[in-house]
Amino acid sequence: MDEVHMIGKLADMKDEFYKHSLMLSAITELLIEKGIVSADELQARATHLDLIGCLDALSGQSH
20 MDEVHMIGKL ADMKDEFYKH SLMLSAITEL LIEKGIVSAD ELQARATHLD
70 LIGCLDALSG QSH
């Protein structure tokens, strides 16, 4: 893959990451505003999922 093509792909990935981050932020804010979940519940779930991912990486498993 030539360097110009790789730089273009990286720019595309950066744009997609931004769009996904924006959507995730919007969904998170709406869930909290509507009282569906609390910020603490979301943080606890994120911490839990991160721990599972770390444990899977150590054991060589994936979900």
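With my numbering applied, the sequence shown covers 20 to 82.
Every residue gets a Cβ at the ideal spot worked out from N, C-alpha and C, and that includes glycine.
Cβ-Cβ separation, residue j to residue i (assumed contact under 8 Å), whole Å
| i | j | result |
| --- | --- | --- |
| residue 47 | residue 61 | 6 Å |
| residue 56 | residue 49 | Not a contact, Cβ separation roughly 10 Å. |
Please go through the region 26–79 and give each complete alpha helix (DSSP H) segment of 4 or more residues, from N-terminal end onward. 58–78
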